[in-house]
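Trainee:
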Amino acid sequence: MAKILIADDDRNICELLRLYLVKEGYETCIANDGEAAVQMYEREKPDLLLLDVMMPRMDGWEVCRKVRAAGKTPVIMLTAKGETFDKVLGLELGADDYMVKPFDTKEVVARIKAVLRRCTPSEQPSTGGQITYDNLSVDLSRYELKVKGKVVDAPPKELELLYYLASHPNHVFTRDQLLDEVWGFEYYGDSRTIDVHVKRLREKLEGASDDWSLKTVWGVGYKFEVKD
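Numbering-wise, the sequence shown is residues 494 to 721 according to the numbering used here.
1. Taking only the alpha-carbon atoms, compute the straight-line gap between A573 and E528 and give it to the nearest angstrom.
2. Three or more C-beta pairs closer than 8 angstroms, one from the segment 601-608 and one from the segment 622-642: is that the case here?
3. Just to confirm my understanding: we take E718, look at its own chain, exclude 5 residues before and 5 after, and list those with CB closer than 7 angstroms. What are they?
4. Going by DSSP, which residues form a beta bridge with W705?
5. Kindly give me the distance between the Cβ atoms of V691 and Y715, rounded to whole angstroms, as I take these residues to be in contact under 8 angstroms.
6. Name the residue from I569, R693, E674, D589 whose alpha carbon lies nearest to the alpha carbon of G646.
7. How big is the Cα-Cα spacing for D501 and D552?
8. Just to confirm before moving on: does the CB-CB distance between L498 and L542 stay below 8 angstroms?
9. Would you identify the three-state DSSP class for V546, choosing helix, strand or coil?
10. Let me make sure I understand the geometry here. Which of V531, R511, L672 has the alpha-carbon closest to that of A562?
11. Give the DSSP-derived three-state secondary structure of S630 in the structure shown.
12. Is it buried or exposed for E679, if we count other Cβ within 10 angstroms and need 16 for buried?
13. List the endpoints of the continuous beta strand (DSSP E) containing K639.
14. List the endpoints of the continuous beta strand (DSSP E) containing A524.
15. Counting beta carbon pairs with one atom in the segment 556-570 and one in the segment 515-522, are three or more of them shorter than 8 angstroms?
16. For L658, count the other beta carbons within 10 Å of its own beta carbon; 16 or more makes it buried, fewer makes it exposed. Which is it?
17. Please look up how many angstroms separate the CB atoms of P648 and G712, rounded, as I've assumed it's under 8 angstroms.
18. Where K496 and V556 are concerned, what is the direct C-alpha to C-alpha distance, given to the nearest angstrom?
19. Taking the straight line between their C-alpha atoms, what separation do you get for E600 and L514?
Right under this line is the structure:
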């Protein structure tokens, strides 16, 4: 069973989460400040992080940056702030999901299961193939993105989103349609998630080719535009 690192300076919240996760069969480890969270992440190699934003010694944003620089371990941010800025910032830093306090522990467990399903390549659908365009290759069987012949690091959901859009060239999808098709019914987030992932993809694909592009269709959604 997966190992979950719980990082929060509120010891009561840590213990409550630990009890629920152990009951669900997960192994847990706990850190009560940001520096300890980074050290424990490096030592314990957890399968997922529950990461509070406001922590002493190092905040959750900085911990998330360090974790993302080290690998692709899924991160769920825990925050007492519900503003869109915080949600989008967390996603831009590479977080896979976020939850606003106070939260229901049963929902935390459901989110963990959903994120682990989404972020574990071995559990992804076996129908993944490869799509190629000029200076672009998206290979879902290997979860590999190549731009101008070079492998570019990208989280699983970015790859799946790009693959889906590129599989339907010039077709316009709404944000909700993309959430349904790429994230699936188990996703608990909102449609801003799509905006964040498209922004990150554009940064990685910038200047790759004049034959195709990720286009915003204002008031509707997005499409992978291919020139005739």
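Each residue gets a CB set at the ideal place from its N, CA and C atoms; glycine is no exception. Small disclaimer: the values here were computed from a predicted structure and weren't measured.
Mentor: With the given structure in hand:
1. 20 angstroms
2. no
3. N663, W705, S706, K708
4. V719
5. 6 angstroms
6. Going by the sequence as given, residue 646 is Asp instead of Gly. Checking every option, the nearest Cα to that of D646 belongs to R693.
7. 10 angstroms
8. yes
9. coil
10. V531
11. strand
12. Note that E679 has pLDDT 49, beneath the 50 cutoff, so the model's placement of it is unreliable and the number below is only indicative. E679 comes out exposed.
13. 637-640
14. 520-524
15. no
16. buried
17. About 28 angstroms separates the two Cβ atoms, so there is no contact after all.
18. 18 angstroms
19. 11 angstroms
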